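Asker:
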Amino acid sequence: MPVYRSALLRFADDGTALYDQDGLLALGPDAQGRQRVLAAGAWHALSPQYAHEPVTHLPGRILAPGFVDMHIHFPQTDVIGSPADGLLPWLENYTFPHESRFVEGGYAEQVAEVFVAELLRNGVTTALAFSTSHPASVEALFTEARRQQLRLITGKVLQDRHSPDGVRDDTEQSLIDTEALIQRWHGVDRLGYAITPRFAPTSTHEQLRGAGELAARYPDVWIQSHVAENRDEIRWARELFPAARSYLGVYDDFGLMRKRAVYAHCIHFDDDDRALMRDTGAVAAVSPTSNLFLGSGFFDYAGADRVGFGYGLASDVGGGTSFSPFHTMLAAYYVGREGQTKQGLSLSPQQLWWQHTAGAARALGLAGVVGNLQPGCEADFVVLNPEATPLLARKTRQARSLDELLFALIVLGDDRVVQETVISQAKYGSSA
Ligand code: GUN
Ligand code: ZN
0 MPVYRSALLR
10 FADDGTALYD
20 QDGLLALGPD
30 AQGRQRVLAA
40 GAWHALSPQY
50 AHEPVTHLPG
60 RILAPGFVDM
70 HIHFPQTDVI
80 GSPADGLLPW
90 LENYTFPHES
100 RFVEGGYAEQ
110 VAEVFVAELL
120 RNGVTTALAF
130 STSHPASVEA
140 LFTEARRQQL
150 RLITGKVLQD
160 RHSPDGVRDD
170 TEQSLIDTEA
180 LIQRWHGVDR
190 LGYAITPRFA
200 PTSTHEQLRG
210 AGELAARYPD
220 VWIQSHVAEN
230 RDEIRWAREL
240 FPAARSYLGV
250 YDDFGLMRKR
260 AVYAHCIHFD
270 DDDRALMRDT
280 GAVAAVSPTS
290 NLFLGSGFFD
300 YAGADRVGFG
310 YGLASDVGGG
320 TSFSPFHTML
330 AAYYVGREGQ
340 TKQGLSLSPQ
350 QLWWQHTAGA
360 ARALGLAGVV
370 GNLQPGCEAD
380 FVVLNPEATP
390 LLARKTRQAR
400 SLDELLFALI
410 VLGDDRVVQE
420 TVISQAKYGS
430 SA
């Protein structure tokens with residue numbers, strides 16, 4: 000039974016961080032052979048129970064939950080850093096032409112390998128990802144995620160109009176493909192399926208209706224899309240769906256608002272939109288590096304909390320500029336400052352970290368499963384080195400509180416801080 004001795008970070012149910020400077024983390028297999036947390040807490044309190052177990056001692060390191068990325072595009076790994084005047088020209092000039100290459104299975108497999116490796120290198124152990132409109136891209140990503148035992152949710156993008164040749168799909172076939180992929184992959188090992196209309200402007204009414212019907216037939220499958228990201232996009236959606244109360248209302252009209260529905264961005268909302276999110280159980284994937292890079296705007300944290308809908312953090316690569324959860328948390332901090340309703344909202348480092356771990360897991364409907372290191376959770380964790388760079392070493396040595404330590408990591412950290420990413424491995428067969 001693996002037992003670790005190290006500093007240990009985890010979260011209480013209310014989102015506050017629990018930190019043991021000298022902590023113990025004990026793991027053991029469940030009935031499926033997957034490693035789960037058996038015990039987590041202070042070394043002095045728990046170690047007598049594990050006196051006969053070999054201990055991996057990691058002095059100077061911090062064990063923390065693997066990060067959860069609520070929204071990322073696997074086929075945009077190589078689109079990072081493509082500048083444009085805004086979302087729509089960025090899609091037209093860079094993203095759609097690039098995504099058309101994923102029709103070819105071999106290319107998709109090659110990028111899937113890089114993508115999963117990059118997530119793990121950055122400490123991300125659970126991700127909700129877009130593939131492309133080509134079923135081969137979904138096959139490639141699921142296959143690679145399964146090989147690496149990543150907890151991954153993805154789906155075939157639905158986009159049957161206002162999309163160029165090469166990425167546009169056929170309405171009827173797209174729904175047949177979606178259902179076949181759900182049946183083939185949803186619930187296999189750590190994999191889950193997400194019904195994935197790209198965004199309302201690139202789907203016909205028929206395609207959205209079909210997506211909503213599938214969402215009703217498969218209630219534990221996820222839904223993912225984009226909404227209220229950019230002002231030109233919103234204008235376009237309103238022209239195409241004049242009967243809807245708002246852009247978000249389009250998804251509601253087609254049965255696409257429910258628990259396990261994850262909408263990226265959610266920037267330009269009114270309170271009725273926020274209440275619709277809250278009342279349906281849909282959640283927002285807040286994507287600050289993407290929103291800053293594409294000039295989309297600032298997520299209104301105060302508005303979300305006032306009305307009370309769920310959200311968590313996301314990289315949104317390749318609109319987003321980094322796979323690193325540290326970069327995303329720092330950008331979220333800037334956005335909290337800028338988007339504040341002049342009331343001094345300042346996200347604490349504990350809140351930021353929670354939004355990218357246990358909070359994101361809760362928003363995905365995976366509370367108690369991932370994103371935390373409480374007993375019963377799947378044992379996905381990162382080994383962090385708070386002295387990974389000379390400046391970080393100086394800064395973290397001077398930290399006088401947990402907040403100061405976490406802030407130093409968020410502001411100065413990146414992939415260099417992630418010394419190791421450990422995945423809750425299921426064991427197959429008696430000799431594995
Ligand atoms: N809206 C529709 N497609 C996309 C996409 O690929 N990225 C972002 N950021 N927004 C979108
Ligand atoms: Zn996106």
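Counting from 0, one number per residue, gives the positions in the sequence shown under numbering that gives the first Met the number 0. Glycine included, C-beta positions come from ideal geometry on N, C-alpha and C. Computed from a prediction, not measured in an experiment: that's the story for all the values here.
Give me the Cβ distance between leucine 309 and valine 282, rounded to the nearest whole Å; I'm assuming they're in contact under 8 Å.
Answerer: Residue mapping note: residue 309 aligns to position 310 of the sequence shown, counting from 1. Residue mapping note: residue 282 aligns to position 283 of the sequence shown, counting from 1. The residue asked about is misnamed: residue 309 is glycine in this sequence, not leucine. So it is a contact: roughly 4 Å between Cβ atoms.
Asker: Within the same chain, show all residues whose beta-carbon is closer than 8 Å to that of glycine 343, passing over the 5 residues directly before and after it, in chain order.
Answerer: Looking up residue 343 in the sequence shown gives position 344. Note on glycine 343: pLDDT 46, under 50, position unreliable in the model; the coordinate value appears next. Cβ within range, chain order: n/a, list empty.
Asker: Give the list of continuous alpha helix (DSSP H) stretches no shorter than 4 residues that lie fully inside the region 188 to 251.
Answerer: You should have 204 to 216 and 230 to 239.
Asker: Any heavy atom of ligand 2 closer than 6 Å to the CB of alanine 126?
Answerer: Within the sequence shown, the letter at position 127 stands for residue 126. Answer for alanine 126: no, Cβ out of range of ligand 2.
Asker: One question on the structure: do glycine 248 and threonine 195 come within less than 7 Å of each other, judged by their Cβ atoms?
Answerer: On the sequence shown, residue 248 is found 249 positions in, with the first residue counted as 1. On the sequence shown, residue 195 is found 196 positions in, with the first residue counted as 1. Taking 7 Å as the Cβ cut-off, glycine 248 and threonine 195 do not qualify as a contacting pair.
Asker: Per DSSP, what kind of secondary structure is alanine 128 in: helix, strand or coil?
Answerer: Walking along the sequence shown from the start, residue 128 turns up at place 129. If DSSP states are grouped into helix, strand and coil, alanine 128 belongs with the strands.
Asker: Name the DSSP bridge partner or partners of tyrosine 333?
Answerer: In the sequence shown, residue 333 corresponds to position 334, counting from 1. Answer is none; tyrosine 333 lacks a bridge partner.
Asker: Quick check: is any heavy atom of ligand 2 less than 6 Å from the C-beta of alanine 263?
Answerer: In the sequence shown, counting from the first residue as 1, residue 263 sits at position 264. Indeed, a heavy atom of ligand 2 lies less than 6 Å from the Cβ.
Asker: Do you know how far the Cα of glutamate 386 is from the Cα of isoleucine 233?
Answerer: For this step, residue 233 is matched to residue 234 along the sequence shown. For this step, residue 386 is matched to residue 387 along the sequence shown. Taking the straight line joining both Cα atoms gives about 45 Å.
Asker: Please report the Cβ distance between leucine 127 and threonine 177, rounded to the nearest whole angstrom; I am assuming they are in contact, meaning their Cβ atoms lie under 8 Å.
Answerer: Stepping through the sequence shown from its first residue, residue 127 is reached at position 128. Stepping through the sequence shown from its first residue, residue 177 is reached at position 178. The pair is not a contact, with the Cβ atoms about 16 Å apart (cut-off 8 Å).
Asker: For a test of your reading of the model: does the CB of aspartate 68 fall under 6 Å from any non-hydrogen atom of ligand 3? Yes or no.
Answerer: Looking for ligand 3 in the displayed structure turns up nothing; the ligands present are ligand 1 and ligand 2.
Asker: Quick one: what's got a C-beta closer than 6 Å to threonine 420's C-beta in the same chain, skipping five residues either side?
Answerer: Numbered from its first residue, the sequence shown carries residue 420 at position 421. Excluding positions up to five away in sequence, the list reads Leu119, Gly122 and Val381.
Asker: Just checking my contact of proline 324 with histidine 355 at CB under 8 Å: how many whole Å lie between their CB atoms?
Answerer: Taking the first residue of the sequence shown as 1, we reach residue 324 at position 325. Taking the first residue of the sequence shown as 1, we reach residue 355 at position 356. Sure, about 5 Å apart at Cβ, within 8 Å.
Asker: Residues in its own chain within less than 6 Å of tryptophan 184 by CB, not counting five upstream and five downstream?
Answerer: Position 185 of the sequence shown, counting from 1, holds the residue named residue 184. Same-chain partners within the cutoff: Phe141, Leu190 and Tyr192.
Asker: Tell me the DSSP secondary structure of leucine 404 in three-state form.
Answerer: Working through the sequence shown from its first residue, we reach residue 404 at position 405. Helix.
Asker: Given leucine 351, which residues of its chain have a CB within under 7 Å of its CB, disregarding the five upstream and five downstream residues?
Answerer: Here residue 351 corresponds to residue number 352 of the sequence shown, with the count starting at 1. Once the five neighbours on either side are set aside, the close Cβ partners of leucine 351 are Met328, Ala331, Tyr332 and Ile409.
Asker: Give the DSSP bridge partners of leucine 23, in chain order.
Answerer: For the purposes of this step, residue 23 is taken as residue 24 along the sequence shown, with counting starting at 1. Per DSSP, Arg4 and Gly40.
Asker: Using a Cβ-Cβ cut-off of 7 Å (strictly less than) and excluding sequence neighbours within five positions of serine 130, which residues of its own chain qualify?
Answerer: Translated into positions along the sequence shown, residue 130 becomes position 131. Excluding sequence neighbours, serine 130 sits near Phe73, Pro74, Ser136, Val137, Leu140, Thr153, Gly154, Lys155 and Val156.
Asker: Taking only the alpha-carbon atoms, compute the straight-line gap between alanine 303 and isoleucine 266 and give it to the nearest angstrom.
Answerer: Counting from 1 along the sequence shown, the entry for residue 303 is found at position 304. Counting from 1 along the sequence shown, the entry for residue 266 is found at position 267. Each residue's Cα considered, the two are about 10 Å apart.
Asker: Rounded to a whole number of angstroms, what is the C-alpha to C-alpha distance between leucine 86 and glycine 254?
Answerer: Within the sequence shown, numbered from 1, the residue matching residue 86 stands at position 87. Within the sequence shown, numbered from 1, the residue matching residue 254 stands at position 255. The alpha-carbon atoms of leucine 86 and glycine 254 are separated by roughly 26 Å.
Asker: Helix, strand or coil for methionine 69? Go by DSSP, reduced to three states.
Answerer: For the purposes of this step, residue 69 is identified with residue 70 of the sequence shown, where counting begins at 1. DSSP places methionine 69 in strand when its eight states are reduced to three.
Asker: By how many angstroms is the C-alpha of aspartate 84 removed from the C-alpha of histidine 225?
Answerer: Locating residue 225 in the sequence shown gives position 226, counting from the first residue. Locating residue 84 in the sequence shown gives position 85, counting from the first residue. Roughly 19 Å between the two C-alpha positions.
Asker: Can you list every residue whose CB sits closer than 6 Å to some heavy atom of ligand 1, going in chain order?
Answerer: Matched residues: His72, Leu86, Leu90, Thr94, Arg197, Phe198, His225, Glu228, Ser289, Asp315 and Gly318.
Asker: Look at the Cβ atom of alanine 38, then the Cβ atom of alanine 25, and state whether they are nearer than 7 Å.
Answerer: Numbered from its first residue, the sequence shown carries residue 38 at position 39. Numbered from its first residue, the sequence shown carries residue 25 at position 26. Yes, these two residues count as a Cβ contact at 7 Å.
Asker: Consult DSSP for threonine 170 and reduce its assignment to one of helix, strand or coil.
Answerer: Taking the sequence shown and counting its residues from 1, one reaches residue 170 at position 171. Of the three classes helix, strand and coil, the one that applies to threonine 170 here is helix, per DSSP.
Asker: Are the Cβ atoms of valine 166 and serine 132 separated by less than 7 Å?
Answerer: For the purposes of this step, residue 166 is taken as residue 167 along the sequence shown, with counting starting at 1. For the purposes of this step, residue 132 is taken as residue 133 along the sequence shown, with counting starting at 1. Going by C-beta atoms, valine 166 is nearer than 7 Å to serine 132.
Asker: Nearest by alpha-carbon distance to alanine 378: which of Asp219, Ala362 and Val36 is it?
Answerer: The sequence position of residue 378 within the sequence shown is 379, counting from 1. The shortest C-alpha separation from alanine 378 is found at Val36.
Asker: With distances taken from CA atoms, which of Val187, Thr201, Ala227 and Leu174 is nearest arginine 216?
Answerer: Counted from its first residue, the sequence shown places residue 216 at position 217. Minimum Cα distance to arginine 216 is reached at Leu174.
Asker: If you measure between the beta carbons of asparagine 371 and arginine 33, is that distance less than 7 Å?
Answerer: As a first step, residue 371 must be located in the sequence shown, where it is residue number 372. As a first step, residue 33 must be located in the sequence shown, where it is residue number 34. Not a contact, by the Cβ cut-off of 7 Å.
Asker: Look at the alpha carbon of phenylalanine 298 and the alpha carbon of histidine 264, and state the distance between them as a whole number of angstroms.
Answerer: Mapped onto the sequence shown, residue 298 falls at position 299. Mapped onto the sequence shown, residue 264 falls at position 265. Answer to the nearest angstrom: the Cα atoms are 7 Å apart.
Asker: Quick one: what does DSSP say glutamine 182 is sitting in, helix, strand or coil?
Answerer: For this step, residue 182 is matched to residue 183 along the sequence shown. DSSP places glutamine 182 in helix when its eight states are reduced to three.
Asker: Can you tell me the Cβ-Cβ gap for asparagine 384 and valine 416, rounded? I've got them flagged as a contact below 8 Å.
Answerer: Within the sequence shown, numbered from 1, the residue matching residue 384 stands at position 385. Within the sequence shown, numbered from 1, the residue matching residue 416 stands at position 417. Yes, they are in contact, since the Cβ atoms of asparagine 384 and valine 416 sit about 6 Å apart, within 8 Å.
Asker: Beta-carbon of valine 249 versus every beta-carbon of chain C: anything under 7 Å?
Answerer: As a matter of chain content, chain C is missing from the structure shown, which is built from one protein chain.
Asker: Among Glu108, Asp251 and Leu391, which residue has its Cα nearest to the Cα of glycine 280?
Answerer: Against the sequence shown, residue 280 aligns to sequence position 281. Nearest of Glu108, Asp251 and Leu391 to glycine 280, Cα basis: Asp251.
Asker: Among Asp219, Ala242, Cys376 and Ala227, whose alpha-carbon lies nearest the alpha-carbon of glutamine 182?
Answerer: To locate residue 182, count along the sequence shown from 1; it is residue 183. Among Asp219, Ala242, Cys376 and Ala227, the Cα nearest to that of glutamine 182 is on Asp219.
Asker: Give the DSSP-derived three-state secondary structure of valine 421 in the structure shown.
Answerer: Locating residue 421 in the sequence shown gives position 422, where the first residue counts as 1. Three-state result, valine 421: strand.
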